[in-house]
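**Q**
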Amino acid sequence: MDSPAVEVIDLVKRYGGATAVDGLTLSAARGAVTAILGPNGAGKTSTIEICEGFREADGGTVRVLGLPPSDGSLRARVGVMLQAGGVPPAVRCGEWLRLVSRFYARPLAPDALMARLGLTDHARTPYRRLSGGQQQRLSLAAAVIGRPELVFLDEPTAGLDPQARHACWDLVADLRTAGVGVVLTTHHMDEAERLADHVVIIDRGRVVAEGSPASLTGAERQLRFRARPGLALEELLTALPTGSAAKESPAGHYIIEGQVDPELLATVTAWCAAEGVTADDLSIERRTLEDVFLELTGRELR
Amino acid sequence: MTALDLTPAPGAAPLGRMVAAQAGAEIRAILRNGEQLLLTLIIPVLLLVGFSLAPLVDVGQARRIDFLTPGVLALAIMSTAFTGQAIATGFERRYGVLKRLGATPLSRAGLLLAKTLAVLAVELLQIVVIVGVALALGWRPAGSLLAAVPYLLLGTAAFSGLGLLMAGVLRAEATLAAANLVYLVLLGCGGVVFPLSVFPGGVESVLELLPISALTGGLRAVLMDGEGLALGPLAVLAAWTVVTLGLAARTFRWE
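In order, the protein sequences belong to chains U and L. For the first sequence, full-length UniProt numbering puts the final residue at 302, and the numbers step up evenly by one. For the second sequence, full-length UniProt numbering puts the final residue at 255, and the numbers step up evenly by one.
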């Protein structure tokens, strides 16, 4: 039981000539929520589907609960929510959940689970007539009904309305409390920040950063503004208290980190005035995972 | 908000319960699908009634109903084991249902077993209805229905193999089109309502190698001519079973 819930080492996945996953290494602890955060095409789904046993890796090692993903005994221990589909269009919501429940030894009661996820009124509705949010919630319900010790959720809240998103978040939080490990992919940084114990930021098939949301974003606040690219930040730094940092990432976006107080604000704006530039969109804020991603890759998350 | 005990308690259900649950779901899906009912029950019964009452086909010495009933039984087997199963499985693959089921404790072997049980259950229903209608129309089988069982089972296996081969390789829409086309072609030249003797000799001997011809031929030998086991048709069906199931096992894509 000492092995992590998921251990991925140097994973490589290629489709024809394109490399989707390029030497990716990550580890997800048991009983914790791990978020794989990245833009579309970063390799999130390829990675999670290799862990789920749907796809073969072209290189590297993957262990789920200490076993290779193809191990048949994992099917009873691991719950899976696909990014989309997976349910026959004509089957009724309640029917599908009852069917899936009968594959497990000690399943949750389908009716109670539907009540928990707000699906009770749609128990007799065919899958194709459910809204996108209801379809997602049904897939989520099917992923947890077998009382798994680990669940994989591939973009669980993509396309959900706010109410359905919160229902999903609440369930993930309860799974964590109950000791279920959760590995989810997302491109919503707020989702990762809110739910995850551990965030793995990936881009172009590689891990670019990982850690707890707090460690990734840093506790300090920062001053941000936009101006023409290429300002001489070294000059500005000499005017700022020691321990401050200034960077331009990407071009024209400036970030000043350090003791953000009225004096620092005054110094920065005075320096801008002396340089003859106007600081646009000047703001003081805590860094978000979105900022972290932007700084690391020079690109927006979405 | 209802309290749910989410504490991990993993475990697979016994195989029997999983297969029974999946087979039940498959049967419900077949019986609920209007187009499939048209194919499995309505068309066979209409052909049986229409062609037995109207003198449209020259069946030689035999009574029309005695000639038609084995052919329509064969058609019923083909419609469920081949056409219905190919289309349903093709779309299950397309909708990711096969993939999703692959993530449950139900194994692929369990899923195939459940599909087979569902096909057999629906065939039993078809046989009861068709035999009932045929008897009402004055059918007098020359042999026992039990003697027909080996043909029905082997025919089911051969057509299932053909259906799964098609569904596992083609896109769902292509499967839909091809399965219906093959159904029509085999209905026309497999001896279902027209005896193979309407074709020129050379063509006839080729057509006899089709699975539908072997099934209609075998069933007629037993039910119309009162023969014991006719081995030729059984051999043809066995060959189709081995080839199609073998190819399907090699080529089937679950996703």
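For each residue, glycine too, the CB sits at the ideal point set by N, CA and C. Just so we're clear, the structure is a prediction, and the values are computed from it rather than from any experiment.
When the Cα of U/D2 is compared with those of U/G66, U/I145, U/D154, U/T269, which residue comes out closest?
**A** Counting from 1 along the first sequence, the entry for residue 2 of chain U is found at position 2. It is U/G66.
**Q** With a cut-off of 8 Å, does the C-beta of U/Y15 fall near any C-beta of chain L?
**A** Locating residue 15 of chain U in the first sequence gives position 15, where the first residue counts as 1. Judged by the 8 Å Cβ criterion, U/Y15 is not in contact with chain L.
**Q** Give a yes or no on whether 8 Å exceeds the smallest Cβ distance from L/S52 to chain U.
**A** The residue labelled residue 52 of chain L in the question sits at position 52 within the second sequence. Not an interface residue.
**Q** I want to see whether chain L comes within less than 8 Å of U/A5, judged by CB atoms only; does it?
**A** For the purposes of this step, residue 5 of chain U is taken as the residue at position 5 of the first sequence. Not closer than 8 Å to any Cβ of chain L, the Cβ of U/A5 fails to qualify, so no.
**Q** Taking only beta-carbon atoms, is U/R106 less than 8 Å away from chain L?
**A** On the first sequence, residue 106 of chain U is found 106 positions in, with the first residue counted as 1. Output row for U/R106: interface = yes.
**Q** Roughly how many whole angstroms lie between the Cα atoms of U/D203 and U/S131?
**A** Residue mapping note: residue 203 of chain U aligns to position 203 of the first sequence, counting from 1. Residue mapping note: residue 131 of chain U aligns to position 131 of the first sequence, counting from 1. Spanning the two alpha carbons is a distance of roughly 31 Å.
**Q** Applying the 10 Å Cβ sphere with the 16-neighbour rule, what's the burial state of U/Y15?
**A** Along the first sequence, read from residue 1 onward, the residue named residue 15 of chain U stands at position 15. Flag for U/Y15 reads exposed.
**Q** Which residue's Cα is closest to the Cα of U/T25: U/T19, U/V12, U/V277?
**A** Counted from its first residue, the first sequence places residue 25 of chain U at position 25. Of the listed residues, the one whose Cα sits closest to U/T25 is U/V12.
**Q** Spell out whether any CB of chain L is found under 8 Å from the CB atom of U/D174.
**A** On the first sequence, position 174 is the one that residue 174 of chain U refers to. Yes, because at least one Cβ of chain L sits closer than 8 Å to the Cβ of U/D174.
**Q** Does the distance from the CB of L/A214 to the CB of L/P105 come in under 8 Å?
**A** The residue you call residue 214 of chain L lines up with position 214 of the second sequence. The residue you call residue 105 of chain L lines up with position 105 of the second sequence. Going by C-beta atoms, L/A214 is not nearer than 8 Å to L/P105.
**Q** Anything in chain U within Cβ reach of L/E255, meaning under 9 Å, just list it in chain order.
**A** Position 255 of the second sequence, counted from the first residue, corresponds to residue 255 of chain L. The answer, in chain order, is F54, R55.
**Q** Since U/A196 and U/V33 should fall inside the 8 Å C-beta cutoff, what is the C-beta to C-beta distance between them, to a whole number of angstroms?
**A** Looking up residue 196 of chain U in the first sequence gives position 196. Looking up residue 33 of chain U in the first sequence gives position 33. Going by Cβ atoms, the distance from U/A196 to U/V33 rounds to 5 Å, so yes, they are a contact pair.
**Q** Going along the chain, which residues of its own chain have a beta-carbon closer than 6 Å to the beta-carbon of L/F91, five neighbours each way excluded?
**A** As a position in the second sequence, residue 91 of chain L is number 91, starting the count at 1. For L/F91, where only same-chain residues beyond five positions count, the Cβ hits under 6 Å are A172.
**Q** How about U/E191: is its C-beta nearer than 8 Å to some C-beta of chain L?
**A** Counting from 1 along the first sequence, the entry for residue 191 of chain U is found at position 191. It does not: the Cβ of U/E191 has no partner Cβ on chain L nearer than 8 Å.
**Q** For L/M1, is the classification buried or exposed, using 16 other Cβ atoms within 10 angstroms of its Cβ as the cut-off for buried?
**A** Taking the second sequence and counting its residues from 1, the one referred to as residue 1 of chain L is at position 1. Here L/M1 scores only 47 on pLDDT, less than 50, and its place in the model is too uncertain to base an answer on.
**Q** Could you please give the first and the last residue of the uninterrupted alpha helix (DSSP H) stretch that includes U/S73?
**A** Counted from its first residue, the first sequence places residue 73 of chain U at position 73. Note, U/S73: premise wrong, no alpha helix (DSSP H); not H, not E.
**Q** Could you tell me whether the region 59-68 of chain L touches the region 54-69 of chain U, using the rule of 3 or more Cβ pairs below 8 Å?
**A** As far as the Cβ criterion goes, the region 59-68 of chain L does not touch the region 54-69 of chain U, which means the pair count is below three.
**Q** Name the chain C residues whose beta carbon is nearer than 7 Å to that of U/R77?
**A** Although the question refers to chain C, the structure presented lacks it and instead comprises the protein chains U and L.
**Q** For L/M18, which residues in chain U fall below 7 Å Cβ to Cβ?
**A** Here residue 18 of chain L refers to the residue found at position 18 of the second sequence. Under the 7 Å cutoff, chain U gives R102, F103.
**Q** Is the beta carbon of L/L219 sitting closer than 8 Å to the one on L/P70?
**A** Translated into positions along the second sequence, residue 219 of chain L becomes position 219. Translated into positions along the second sequence, residue 70 of chain L becomes position 70. Result yes, Cβ atoms of L/L219 and L/P70 sit closer than 8 Å.
**Q** Could you give the residue range of the alpha helix (DSSP H) that holds U/D291?
**A** As a first step, residue 291 of chain U is located in the first sequence; it is residue number 291 there, counting from the start. Counting along the chain, the alpha helix (DSSP H) containing U/D291 begins and ends at 289-297.
**Q** Identify the contact partners of U/V87 in chain L, using a Cβ-Cβ distance below 9 Å as the criterion.
**A** Locating residue 87 of chain U in the first sequence gives position 87, where the first residue counts as 1. Ordered by position in chain L, the residues that pass the 9 Å Cβ test against U/V87 are Y95, G96, V97, R100.
**Q** Below 7 Å CB to CB, which residues in the same chain sit around U/R287 once its five sequence neighbours on both sides are set aside?
**A** Mapped onto the first sequence, residue 287 of chain U falls at position 287. Here the set comprises T217, G218, Q222.
**Q** What residues of chain L sit near U/A273, judged by a beta carbon separation below 8 Å?
**A** Taking the first residue of the first sequence as position 1, residue 273 of chain U is located at position 273. Simply none; closest approach about 56 Å.
**Q** So is L/M1 in contact with chain U if we call contact Cβ pairs under 8 Å?
**A** For the purposes of this step, residue 1 of chain L is taken as the residue at position 1 of the second sequence. Because the pLDDT of L/M1 is 47, which lies under 50, any placement of that residue in the model is unreliable, and the question is left without a value.
**Q** Check the Cβ-Cβ distances between U/L99 and every residue of chain L, and say whether any is below 8 Å.
**A** If you number the first sequence from 1, residue 99 of chain U lands on position 99. So, interface residue.
**Q** For the region 11-78 of chain L, list the alpha helix (DSSP H) runs that are entirely contained and at least 4 residues long, ordered along the chain.
**A** Correct list: 15-32, 34-37, 43-53, 64-77.
**Q** Cα separation between L/V183 and L/S79?
**A** The residue given as residue 183 of chain L occupies position 183 in the second sequence. The residue given as residue 79 of chain L occupies position 79 in the second sequence. Residue identity check: residue 183 of chain L is Tyr in the sequence provided, not Val. Near 7 Å, if we compare the C-alpha coordinates of L/S79 and L/Y183.
**Q** Please check the pair U/A178 and L/L6, which I expect to be a contact at CB under 8 Å, by giving their CB distance rounded to whole angstroms.
**A** Translated into positions along the first sequence, residue 178 of chain U becomes position 178. Translated into positions along the second sequence, residue 6 of chain L becomes position 6. Confirmed, about 4 Å.
**Q** Check whether the Cβ of U/V199 sits closer than 7 Å to any heavy atom of the ligand NAP, and report yes or no.
**A** You won't find the ligand NAP in this model; it holds no ligand whatsoever.
**Q** Can you find a CB in chain L that lies within less than 8 Å of the CB of U/P68?
**A** To locate residue 68 of chain U, count along the first sequence from 1; it is residue 68. For U/P68, the answer is no, since every Cβ of chain L falls outside 8 Å of its Cβ.
**Q** Taking the straight line between their C-alpha atoms, what separation do you get for U/L265 and U/V292?
**A** The sequence position of residue 265 of chain U within the first sequence is 265, counting from 1. The sequence position of residue 292 of chain U within the first sequence is 292, counting from 1. One C-alpha to the other measures close to 22 Å.
**Q** When you compare only the Cα positions, how much space is there between L/V243 and L/V236?
**A** Translated into positions along the second sequence, residue 243 of chain L becomes position 243. Translated into positions along the second sequence, residue 236 of chain L becomes position 236. If I take the Cα positions, the gap works out to 11 Å.
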